[in-house]
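The numbering used here applies: residue 1 is where the sequence shown begins, and numbers increase by one. Just below is one structure, and these are the notes that go with it.
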Amino acid sequence: MNWNMRMQEVLERTASYDMSLMDDEQNEAYQHRLELNRIELEMKEAKQEAKEYEELAEAYKAAGEEKGYQAAWSYHKLSLQRYHELSHFLAKKKAAMCGNTFTA
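This is the structure we're talking about:
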């Protein structure tokens, strides 16, 4: 877990107090921002994992370890799938926030 994700968790844990100091409009904006930040951080994490598994798969392949290669490649594909799902979800969230109901 990287520093940004730890900071995100701190912000999420303290959100109820922070939001008690804000008006309704600010609360809504803050809550949306926290949600979007979480999605973006999880996307970065999934992309990094996919890259690491791809490198691991290539190392297994170079070493002639077929089972290791297949396992690492499967995890690579799962991480990429998670990244794309989060990307799609983020796009839908941003479209909905902009009032673009056609794409949301």
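In this text, a Cβ means the ideal position worked out from N, Cα and C, and glycines have one as well.
Please return the same chain residues whose Cβ sits closer than 6 Å to the Cβ of residue i, not counting the five positions on each side in sequence.
i: LYS67; result: none
i: GLU49; result: SER79
Starting from residue i, trace the alpha helix (DSSP H) in both directions and tell me its first and last residue.
i: MET7; result: 3–13
i: GLY68; result: 66–97
i: ASP24; result: 24–63
Going along the chain, which residues of its own chain have a beta-carbon closer than 7 Å to the beta-carbon of residue i, five neighbours each way excluded?
i: GLN8; result: ASN37, ARG38 and LEU41
i: ALA57; result: TYR69, ALA72, TRP73 and HIS76
i: LEU11; result: LEU34
i: MET22; result: TYR30
i: ALA59; result: none
According to the Cβ coordinates, are residue i and residue j closer than 9 Å?
i: TYR17; j: ALA46; result: no
i: TYR30; j: MET43; result: no
Quick check on residue i: does DSSP put it in helix, strand or coil?
i: ASP18; result: helix
Near residue i, what residues of its chain come up, given a Cβ to Cβ distance below 8 Å and the 5 sequence neighbours on each side ignored?
i: GLU25; result: none
Exercise. Do the stretch 89–101 and the stretch 50–61 touch if we need at least three Cβ pairs shorter than 8 Å?
Worked result: Verdict: no, contact absent.
Problem set entry | Cβ contact check for the stretch 67–81 and the stretch 24–40: 3 or more pairs under 8 Å | Flag = no, the stretch 67–81 and the stretch 24–40 do not touch.
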